[in-house]
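Student: Encoded as structure tokens, here's the structure I'll be asking about.
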Amino acid sequence: LRVDTMWRDGHKYKMALCSAVGVRSAAEISWHFGNNNNIGAMTETEVLSEGLVSTRSSVHFLSLLYAGQNLTCTVRHPSLETPEERTINIPVHKPPRLSVAVVRQQ
């Protein structure tokens, strides 16, 4: 699980990438925040040599909307006894506070 940051139109976005390599068939990758249902993702599958299949899935989201929440990538494949999960926490970034004091000199 890898997460990158990008800026667009003055807003901070995150892009998370989850990948899996399986034998004979593609893995199924799903995403969710906290206990919420699955979220939409872009998924690519590539057939590699020796019968391996690579699956890459990514999600893009506005950081501010999901700050402080956990993002989980779940991988399912027939070769796994149970699904594999990887979770990261989306950090909360508070804007800097600026304080100005005017002192009158005598």
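Those letters in the sequence shown? Residues 2 to 107, by my numbering.
All C-beta atoms, glycine included, are put in the ideal place defined by N, C-alpha and C.
How many whole angstroms separate the CB atoms of Ala-42 and Val-60, which I take to be in contact at a CB cut-off of 8 Å?
Tutor: Your numbering for residue 42 matches position 41 in the sequence shown. Your numbering for residue 60 matches position 59 in the sequence shown. The Cβ separation is near 5 Å, so the contact holds.
Student: Using the beta-carbon count (16 or more within 10 Å), is Val-76 buried or exposed?
Tutor: As a position in the sequence shown, residue 76 is number 75, starting the count at 1. Classification for Val-76: buried.
Student: Return the bridge partner residues of Arg-3 from the DSSP annotation.
Tutor: As a position in the sequence shown, residue 3 is number 2, starting the count at 1. Its beta-bridge partners are Leu-18.
Student: On the criterion of 16 or more Cβ atoms from any shown chain inside 10 Å, does Thr-56 qualify as buried, or is it exposed?
Tutor: Along the sequence shown, read from residue 1 onward, the residue named residue 56 stands at position 55. Buried, because 16 or more other Cβ atoms sit within 10 Å of the Cβ of Thr-56.
Student: Looking at Lys-13: is its Cβ nearer than 9 Å to the Cβ of Val-4?
Tutor: In the sequence shown, residue 13 corresponds to position 12, counting from 1. In the sequence shown, residue 4 corresponds to position 3, counting from 1. Cβ atoms of Lys-13 and Val-4: not closer than 9 Å.
Student: List the endpoints of the continuous alpha helix (DSSP H) containing Ser-64.
Tutor: As a working mapping, residue 64 is identified with position 63 in the sequence shown. 64-67 is the span of the alpha helix (DSSP H), which, as asked, contains Ser-64.
Student: Within 8 Å, do at least three Cβ pairs link the region 44-53 to the region 63-74?
Tutor: With the cut-off at 8 Å, the region 63-74 and the region 44-53 do not touch.
Student: I'd like to confirm the pairing. Which residues does DSSP put opposite Leu-53 in its beta bridges?
Tutor: The sequence position of residue 53 within the sequence shown is 52, counting from 1. In the DSSP output, where bridge partners are listed per residue, Leu-53 has Val-24.
Student: Leaving out five residues on either side along the sequence, give the residues of the same chain with a beta carbon under 6 Å from the beta carbon of Phe-34.
Tutor: One-based indexing of the sequence shown puts residue 34 at position 33. Taken in chain order, the residues that qualify are Tyr-67, Gln-70 and Leu-72.
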